[in-house]
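So the structure is just underneath, and the comments pick up after that.
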Amino acid sequence: MTGANRVSPLSRAAVTVALALGLAAGGCASLPTRDADARWAHPKLSLNSYIEHGDLVTLVVGTRPAYVRRDKAYMGVEFAVANNGLDQLTVSREGFSLLDDQGRQFPAVGPEELREAGYSVDLDRRLGEVLPVLLDRFQSYSFVPSNLTPGFVDPVERSPVELQRFSWTYGFLYFPYPTEQTGVQRYELQFDAPELEDPIVVRFLLQRRSPS
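For the sequence shown, my numbering begins at 898 and goes up steadily by one.
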């Protein structure tokens, strides 16, 4: 990257508050694990979303669709990318990957694989949570439509898209689950683009149950 993608002081404060609330609400037996997970993950933007806000790029991942459908073989997440400081930023499905806690990397899957597996992406559009929060946060930015994973309702692919400075985009991404383990798992969403020297990463938590 050409400049630091730093977490703002406000975001750090939000992490501190979230940790304090979580510790107060949790049971004694689960405190060490929950505390470690909360410290590891990025700050939350909403109940089920995490944010990395930097001088150049903001990256958001929303996990509610994956949480609601957590018995499926694929993980569907909301994403948002905002260009804060670059002349131009290219966003494409090929620029995203998922990393698990063992360091394994999985590229985002396309609509053909999801259709063959019988996975409906259209349901996820109704399960998203973070878009109203993003509309408020980026109200002074220009919105650029994208559709990295087309479905039946919106079958036209729009990828890649070009973000000029002070513009943003939003959509859905899909990954195969790296493991069949249940319970809370640690993941990283990684975003890369030709204009970046280093990828942008958001660390997030997701609870899983046995696939159906």
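The beta-carbon is built from N, C-alpha and C at its ideal position, and this holds for glycine as well.
Since we're looking at a predicted model, the values are computed, not measured.
Beta carbon of residue i nearer than 7 Å to that of residue j
| i | j | result |
| --- | --- | --- |
| Pro1096 | Thr987 | no |
| Ala979 | Arg990 | no |
| Phe1088 | Leu983 | no |
| Leu1060 | Val965 | no |
| Leu1093 | Ala963 | no |
| Glu975 | Val1027 | yes |
| Ala1073 | Arg1001 | Residue identity check: residue 1073 is Pro in the sequence provided, not Ala. For Pro1073 and Arg1001, no; Cβs fall outside 7 Å. |
Limits of the unbroken alpha helix (DSSP H) element including residue i
| i | result |
| --- | --- |
| Asp984 | Taken as a continuous stretch (DSSP letters only), Asp984 belongs to no alpha helix (DSSP H), as it is neither H nor E. |
| Glu1013 | 1008-1013 |
| Leu1020 | 1019-1024 |
Helix, strand or coil at residue i according to DSSP, with G and I counted as helix
| i | result |
| --- | --- |
| Leu1103 | strand |
| Tyr1038 | coil |
| Ala935 | helix |
| Val1058 | strand |
| Pro1073 | strand |
| Tyr964 | helix |
| Val1030 | helix |
| Gly1080 | strand |
| Gly992 | helix |
| Ala977 | strand |
Cα-Cα separation between residue i and residue j, rounded to whole angstroms
| i | j | result |
| --- | --- | --- |
| Tyr1071 | Ala938 | 20 Å |
| Ser1043 | Asn981 | 18 Å |
| Val1018 | Gly959 | 15 Å |
| Ile948 | Ser994 | 16 Å |
| Leu944 | Gly1007 | 27 Å |
| Leu1020 | Gln985 | 32 Å |
| Leu1069 | Phe1040 | The sequence given here has Phe at residue 1069, not Leu. Looking at the two C-alpha atoms, the distance is approximately 15 Å. |
| Asp932 | Val1053 | 43 Å |
| His950 | Val1030 | 14 Å |
| Arg1100 | Met972 | 15 Å |
| Glu1009 | Arg1055 | 15 Å |
| Asp997 | Lys969 | 17 Å |
| Gln999 | Thr1046 | 26 Å |
| Gly992 | Val1098 | 12 Å |
| Leu953 | Arg1105 | 33 Å |
| Ser1037 | Arg1022 | 24 Å |
Check: residue i C-beta below 6 Å from any heavy atom of the ligand FMN
| i | result |
| --- | --- |
| Arg1083 | This structure lacks the ligand FMN, and indeed carries no ligand of any kind. |
Bounding residues of the beta strand (DSSP E) (the contiguous stretch that carries residue i)
| i | result |
| --- | --- |
| Glu949 | 946-950 |
| At least three beta-carbon pairs within less than 8 Å, the region 1055-1066 to the region 1010-1024 | no
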